[in-house]
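Right, one structure below, let's go through it.
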Amino acid sequence: MVGIDPGHNGGNASAPEVINEPVWNGRSQSPCNTTGTATNDGYPETDFTWAVAQKLAADLREAGAKVVMTRGSNEGVGPCIDERAKTINDAKADVAIDIHADGAAASERGYSLLIPVPSGTNDEVVEPSRRYARMLRTEMRKTGMPLADYLGEGGFVERDDLAGLNLTTVPQVLLETGNMRNTEDARLLKSDRFQARTAAAIKRAMAAYLRSR
């Protein structure tokens, strides 16, 4: 079983009263969800995450894997970040991916991997998540997107404020696939070909991790 969490949702901007409601993120309170970012010409992060998630789910199912998605369309609101974690945990996924893209300064480029730190809930999967992240970093190098040099160290960023990483009971990584505010990254992120390469890279990393257990 594989968990896929496509960041944000297409209807979030229309329901601020819902997405701004505080929920437990595993350490403190955070907004239920956010709208995400967009390229300078208006291509939304939520469209990107949904496109990659759909391609990845199709690839995995074709290979015989079972897939659980945290949302079923790109037109809705939410679900909240704690609900997304519960969906993946309840499915007893063997591995999971949280798909995003960054909204950093326009001069910054590249993909990064957000990894968990022990929260009490996720302690048993912190090291497996980091091993999986190393495999994903290797596979993402093949997509044409450079490794980010503006976040963390070696493309890895430890985060203790994200519900998906704090509340997970399965190995999970949040992939910031590129910077939507950078012209070169945006060109890739909007490309169907790059989206397919990203889905393939995630699938290969998941397979490598599962073989290594």
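Quick note on our numbering: the sequence shown kicks off at 1 and runs consecutively. Think of the CB as a built atom: it goes at the ideal place given N, C-alpha and C, for glycine as much as any other residue.
Nearest Cα to Ala-15 within the set Tyr-150, Gly-78, Val-170, Ser-129: Gly-78.
Under a 10 Å Cβ-count criterion, Ser-107 is classified as exposed, with fewer than 16 other Cβ atoms of the shown protein chains found around its own Cβ. Annotation for Asn-20: Pro-31 place their beta carbon closer than 6 Å to its own, counting only its chain and skipping 5 residues before and after.
DSSP places Pro-6 inside the beta strand (DSSP E), whose first and last residues are 2-6. Taken in chain order, the complete alpha helix (DSSP H) segments of 4 residues or longer contained in the stretch 92-144 are 126-140.
Counting every other CB atom within 10 Å of its CB across the protein chains shown gives Asp-5 a total of 16 or more, marking it as buried.
DSSP, read as helix, strand or coil, puts Asn-20 in coil. The Cβ atoms of Ile-97 and Ile-202 lie closer than 7 Å to each other. Around the CB of Tyr-132, 16 or more other CB atoms lie within 10 Å, so the residue is classed as buried. With respect to Pro-171, Pro-118 sits apart: the two C-beta atoms are not nearer than 7 Å.
Within the same chain, and ignoring the five residues on either side of Leu-188 in sequence, the residues whose Cβ sits closer than 7 Å to its Cβ are Gly-144, Met-145, Gly-178, Phe-194. When the Cα atoms are used, Leu-136 and Arg-159 turn out to be separated by approximately 17 Å. In the three-state scheme derived from DSSP, where H, G and I count as helix and E and B as strand, Ala-58 is classed as helix. Residue pairing by DSSP puts Asn-179 in a beta bridge opposite Asp-102.
In the three-state scheme derived from DSSP, where H, G and I count as helix and E and B as strand, Ala-208 is classed as helix.
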